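Going from the sequence shown to my numbering is simple: count from 1 and add 2. The beta carbon of each residue, even a glycine, is placed where N, CA and C say it ideally should be. On a predicted model such as this, the values are computed, not experimentally measured, just so you know. Accompanying notes for the structure given below.
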Amino acid sequence: YDLRRELFTHLQSMSLGFFTNTKTGELMSRLNSDVVGAQQAVSSTFVTLTSNIFAVAGTLFIMLQLEWRLTLLSVSILPLFLIASREVGRRLRTIRRQQMEANADMSGMMQETLSVSGALLVKLFGRAGYESTEFGEMAGVVRDLGVRQAVVGRWFFMALGLVSALGTAVTFWLGAVWVINGTITIGTVVALSAYLAALYGPLSSLANARVEFTTSLVSFERVFEVLDLPLDVPPPQDPTPLEQVDGSVEFDDVWFSYDASLDSGLEAVARYGWRDSGRADDIVRRAESGWTLEGVSFRAEPGQMVALVGPSGAGKTTLTYLVPRLYDVARGAVRIDGVDVRSLSPETIAGAVGVVTQETYLFHDTIEANLRYAKHDASDAEIAAAVRAANIADFISGLPEGMATRVGERGYRLSGGEKQRLAIARVILKNPSVLILDEATSHLDARSEALVQDALEGVMANRTSLVIAHRLSTVLNADLIVVVDGGTVV
């Protein structure tokens with residue numbers, strides 16, 4: 003529980019750059035399979051280890067009282083147990099890591115192809131057969147590794163059995179010789195033979211526990227690989243309080259490159275040698291791509307609407323990512339009300355800045371739950387006002403279940419325009435001082451766009467707005483138009 007909670011919390015603290023370079027399926031594998039593997043090391047292996055140590059100690063004490071020479075002879079084979087467990091533990095540890103990586107790859111593929119977006123893409127391009135073949139190959143790797151693990155485990159237990167039989171045979175042989183010579187009685191040999199079974203059983207379990215514990219360490223390693231990743235957007239140690247946010251936004255000679263934001267990814271590749279070579283290559287490629295923004299400076303006064311325009315790839319969306327501090331600048335500063343965002347707590351920034359992204363994401367939950375994600379304690383009146391402002395009240399009231407309607411995974415039961423208006427209503431409910439719209443009307447038809455534009459005019463009246471748009475109609479009423487091209491303001 004503690005490991006899983008700490009791992010999830012740490013992942014929530016990572017920057018957006020971490021998630022753009024990490025497969026969701028791999029993170030799910032570390033949260034589930036790896037944490038369970040670590041759990042077994044503590045709850046199962048450790049308990050077995052402790053109980054067997056007491057069993058071996060007690061049995062040895064009794065055997066030494068009966069006949070110390072035969073007892074020492076019977077435990078002289080202990081190095082053979084250690085040699086077998088060390089060699090097998092080394093091999094199983096390698097196999098275990100390969101298994102976890104193969105399972106993570108398979109989980110990543112399942113997460114991508116079995117999501118609504120992935121399933122739609124597979125069907126549209128008729129790639130079901132190809133995906134089944136790919137999945138079969140991945141599952142085949144998992145199968146082969148499972149067979150290897152089983153075979154190595156069988157050989158190990160066979161070796162332990164042979165060692166135990168050897169020790170028993172030697173003890174019986176020497177004991178028989180001593181009985182014939184009159185050194186000891188036959189009763190002593192019979193008693194020792196009974197205790198040998200009680201000794202070699204726990205000894206075999208101890209050797210096996212060592213192997214299990216060694217392989218379980220792989221789970222700990224994979225969990226702590228993520229926990230040890232430094233936060234590339236760390237919260238300030240002593241955040242600056244900002245009680246009332248007026249909403250001024252300033253970009254002061256801002257330089258930004260994705261290589262700075264991907265330091266943690268590069269470090270992970272170098273330190274842990276992540277086996278996903280495709281991801282590693284992508285991280286390195288993006289790190290060598292140069293500056294995304296170069297010396298950007300402009301200021302949005304409280305209540306102003308600033309339009310960011312320019313060709314695709316110019317850096318407009320990157321600019322909007324820096325205001326809510328999804329990434330950190332490499333040089334210069336982004337300020338809200340004159341305070342560097344790096345000096346503000348994440349809670350302050352989240353409360354001050356509201357964003358409507360181009361691609362709307364909705365949870366597989368009710369419309370009301372998706373709206374309340376912005377403000378969990380919002381009243382029904384506040385929710386009603388927000389949906390009216392976003393021009394989606396009539397649509398919701400026309401649904402059989404109204405606000406209790408489930409939107410489906412990623413909101414796929416709604417049209418693009420309906421999802422976008424719901425996202426606008428969600429950010430209106432949040433009531434931020436700074437509003438960022440990344441082509442928020444791109445999925446709306448002409449009529450809905452006009453109605454939402456009218457609603458947004460009222461919404462943006464008392465707050466600073468940064469609006470990305472390609473349509474002229476969106477920027478007609480802007481107080482300031484910033485044209486971005488090639489990462490600079492032209």
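Below 8 Å on the Cβ atoms is my contact criterion, and I expect D396 with G419 to pass it. Report the Cβ-Cβ distance as a whole number of Å.
Within the sequence shown, the letter at position 394 stands for residue 396. Within the sequence shown, the letter at position 417 stands for residue 419. Not really, about 13 Å apart at Cβ, beyond 8 Å.
Applying the 10 Å Cβ sphere with the 16-neighbour rule, what's the burial state of E441?
Within the sequence shown, numbered from 1, the residue matching residue 441 stands at position 439. Buried, by the Cβ-count rule.
Measuring only the C-alpha atoms, how far is T1 from S76?
The chain is shown only over 3 to 492; residue 1 falls outside these bounds and no answer can be derived.
Please confirm whether V225 has its beta-carbon closer than 7 Å to some beta-carbon of chain D.
The structure shown contains no chain D, having only a single protein chain.
Spatial neighbours of L18 within its chain, please: C-beta separation below 6 Å, excluding the five flanking residues on both sides.
In the sequence shown, counting from the first residue as 1, residue 18 sits at position 16. Cβ neighbours of L18 beyond the five flanking positions: L328.
Cα-Cα, which of L324, I426, Q306 is closest to T294?
On the sequence shown, residue 294 is found 292 positions in, with the first residue counted as 1. Looking at the Cα atoms, L324 is the closest of the given residues.
By Cβ distance below 7 Å, which residues in the same chain neighbour T50 in space, the five residues on each side in sequence not counted?
The sequence position of residue 50 within the sequence shown is 48, counting from 1. Contacts found: S207, A211.
I'd like the list of long-range same chain contacts for G488, defined as Cβ closer than 7 Å, with 5 residues on each side in sequence excluded.
The residue labelled residue 488 in the question sits at position 486 within the sequence shown. For G488, where only same-chain residues beyond five positions count, the Cβ hits under 7 Å are A316.
If you drop the 5 nearest sequence neighbours on each side, which residues of the same chain put their C-beta closer than 7 Å to that of A332?
On the sequence shown, residue 332 is found 330 positions in, with the first residue counted as 1. So the list reads W257, F258, S259, A262, once near-sequence residues are dropped.
Quick check on this structure: which residue in Q306, A196, E370, F226 has the alpha carbon closest to the alpha carbon of L62?
Counting from one through the sequence shown, the residue named residue 62 turns up at place 60. Of Q306, A196, E370, F226, the residue nearest in Cα terms is A196.
Give me, in chain order, the residues of the same chain whose beta-carbon lies closer than 6 Å to that of P238; leave out the 5 immediate sequence neighbours on both sides.
Taking the sequence shown and counting its residues from 1, the one referred to as residue 238 is at position 236. If we look at P238 and ignore the five residues flanking it on each side, its Cβ neighbours are S345.
Going by CA-CA distance only, name the one from F365, V172, L33, S314 that's closest to L74.
Taking the sequence shown and counting its residues from 1, one reaches residue 74 at position 72. Taking only the C-alpha atoms, the option nearest L74 is V172.
Since V485 sits in a beta bridge, which residues does DSSP pair it with?
Counting from 1 along the sequence shown, the entry for residue 485 is found at position 483. V311.
Please check the pair G334 and D254, which I expect to be a contact at CB under 8 Å, by giving their CB distance rounded to whole angstroms.
Walking along the sequence shown from the start, residue 334 turns up at place 332. Walking along the sequence shown from the start, residue 254 turns up at place 252. About 5 Å separates the two Cβ atoms, so the contact holds.
Using the C-alpha atoms, what's the distance from D4 back to T322?
Against the sequence shown, residue 322 aligns to sequence position 320. Against the sequence shown, residue 4 aligns to sequence position 2. When rounded, the distance between both Cα atoms is 35 Å.
Tell me whether V247 is buried or exposed, calling it buried when 16 or more other Cβ atoms sit within 10 Å of its Cβ.
Within the sequence shown, numbered from 1, the residue matching residue 247 stands at position 245. Buried is the call here.
Is there contact between the segment 403–413 and the segment 359–379, where contact requires at least three CB pairs shorter than 8 Å?
Taking 8 Å as the limit for Cβ pairs, the verdict is that the segment 359–379 does touch the segment 403–413.
Can you look up S467 in the DSSP assignment and give me helix, strand or coil?
Translated into positions along the sequence shown, residue 467 becomes position 465. If DSSP states are grouped into helix, strand and coil, S467 belongs with the strands.
Where does D447 sit, in a helix, a strand or coil, going by DSSP?
By one-based count along the sequence shown, residue 447 stands at place 445. Note: D447 maps to coil in three-state DSSP.
Put T490 into one of helix, strand or coil per three-state DSSP.
On the sequence shown, residue 490 is found 488 positions in, with the first residue counted as 1. It is a strand residue.
Grab the span of the beta strand (DSSP E) containing L51 for me, first residue to last.
Taking the sequence shown and counting its residues from 1, one reaches residue 51 at position 49. Unbroken run through L51 is the alpha helix (DSSP H), 48–68; no beta strand (DSSP E).
What is the residue span of the alpha helix (DSSP H) that L94 lies within?
Counting from 1 along the sequence shown, the entry for residue 94 is found at position 92. Element bounds for L94: 80–115.
For the pair the segment 220–240 and the segment 112–125, tell me if three or more CB-CB distances fall below 8 Å.
Touching, no, given that fewer than three Cβ pairs across the two stretches are closer than 8 Å.
Name the two residues that bound the continuous alpha helix (DSSP H) containing F10.
Sequence index remark: in the sequence shown, residue 10 carries index 8 (1-based). F10 -> alpha helix (DSSP H) spans 4–15.
Specify, as a first and last residue, the run of the alpha helix (DSSP H) that I430 falls within.
Residue 430 sits at position 428 when you count from the first residue of the sequence shown. Counting along the chain, the alpha helix (DSSP H) containing I430 begins and ends at 418–432.
Judging by CA-CA distance, which residue of L482, A383, F174, A391 is the nearest neighbour of V191?
Numbered from its first residue, the sequence shown carries residue 191 at position 189. Closest option to V191, Cα to Cα, is F174.
Helix, strand or coil for R415? Go by DSSP, reduced to three states.
Indexing the sequence shown from 1 puts residue 415 at position 413. Coil.
Candidates Y414, V357, R71, L82: which alpha carbon is nearest M160's?
What you label residue 160 is simply residue 158 of the sequence shown in a count that begins at 1. The shortest C-alpha separation from M160 is found at L82.
Among A480, T490, G91, which residue has its Cα nearest to the Cα of G312?
Residue mapping note: residue 312 aligns to position 310 of the sequence shown, counting from 1. With distances taken between Cα atoms, G312 lies closest to T490.
Which same chain residues end up closer than 8 Å to A200 when comparing Cβ atoms and leaving out the 5 residues on each side of it in sequence?
Working through the sequence shown from its first residue, we reach residue 200 at position 198. Cβ neighbours of A200 beyond the five flanking positions: A57, T61.
State the start and end residues of the unbroken alpha helix (DSSP H) segment that holds A376.
As a first step, residue 376 must be located in the sequence shown, where it is residue number 374. Where A376 is concerned, there is no enclosing alpha helix (DSSP H), given that its DSSP letter is neither H nor E.
Does D107 pass the burial test, meaning 16 or more other C-beta atoms within 10 Å, or should it be called exposed?
Taking the sequence shown and counting its residues from 1, the one referred to as residue 107 is at position 105. Buried, because 16 or more other Cβ atoms sit within 10 Å of the Cβ of D107.
Work out the CA separation of A130 and M111 for me, nearest whole Å.
Taking the sequence shown and counting its residues from 1, the one referred to as residue 111 is at position 109. Taking the sequence shown and counting its residues from 1, the one referred to as residue 130 is at position 128. Taking the straight line joining both Cα atoms gives about 13 Å.
Are at least three pairs of beta-carbons, each pair with one atom in the segment 460–472 and one in the segment 298–307, less than 8 Å apart?
Touching, yes, given that three or more Cβ pairs across the two stretches are closer than 8 Å.
Return the CA-CA distance between L33 and T26, expressed in angstroms with no decimal places.
Counting from one through the sequence shown, the residue named residue 33 turns up at place 31. Counting from one through the sequence shown, the residue named residue 26 turns up at place 24. Looking at the two C-alpha atoms, the distance is approximately 11 Å.
Relative to the C-alpha of Q151, which residue among F21, D330, L439, G91 is closest?
Taking the sequence shown and counting its residues from 1, the one referred to as residue 151 is at position 149. Measuring from the Cα of Q151, the nearest candidate turns out to be G91.
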